[in-house]
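Numbering (this note's numbering), first residue to last: 417 to 615.
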């Protein structure tokens, strides 16, 4: 550590000899760095003075659990641009064509090469029209009419469903703490902004 401090001091002195500390651009960067250190110190101080309680984290965890719902679904889809294209895919499915083959024409790069598979998820993880259509399907069924969303037209198939098992509280506690901390900082900034307007 001492060696590193000496090295930094020598280099800083050389930079000053060259007059780099007087350069407007560098002075601006120094000011920004100072500001960043001050902000970090202030926020660290604020978080220590306003710790997030276990009860707050548990309340957030319960809210997320409620929002996720009791069931998760394993679905696949084909996403196309026009309604007629989606209708043509449904017609092919009715003739016995395989969903996984038809999915190759999908606009969704994340699922087209996997037979349209989207994996296990809560219906609330999808855009509303998609999630609403998904929960009405029975295992093995596909939507008989195209589902319109902001992305285009979907043909959705439900592969399976199962009771939702959320991860245990202790497992997600670090993420909950991080989220709560970010929210705390946002609220603080809002509060300070409002105060500045009043003052």
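Quick reminder that beta carbons are idealized off the backbone N, C-alpha and C, glycines included.
All values reported here derive from a predicted model rather than from experimental measurement.
Runs of alpha helix (DSSP H) with 4 or more residues, each lying fully within the stretch 495-577, are found at 499-510, 515-518 and 544-550, listed in chain order. The three-state secondary structure of residue 486, taken from DSSP, is coil.
A check of alpha carbon separations from residue 490 across 579, 567 and 439 identifies 579 as the nearest.
When beta bridges are read from the DSSP output, residue 493 appears opposite 572. If you look at residue 453, you'll find it in the alpha helix (DSSP H) that goes 440-465. When 449, 565 and 463 are compared, the shortest CA-CA separation from residue 546 is found for 565. Taken through DSSP and simplified to helix, strand or coil, residue 584 comes out as coil.
Among the bridge pairs identified by DSSP, residue 579 is matched with 487. For residue 418, the enclosing alpha helix (DSSP H) covers residues 418-433.
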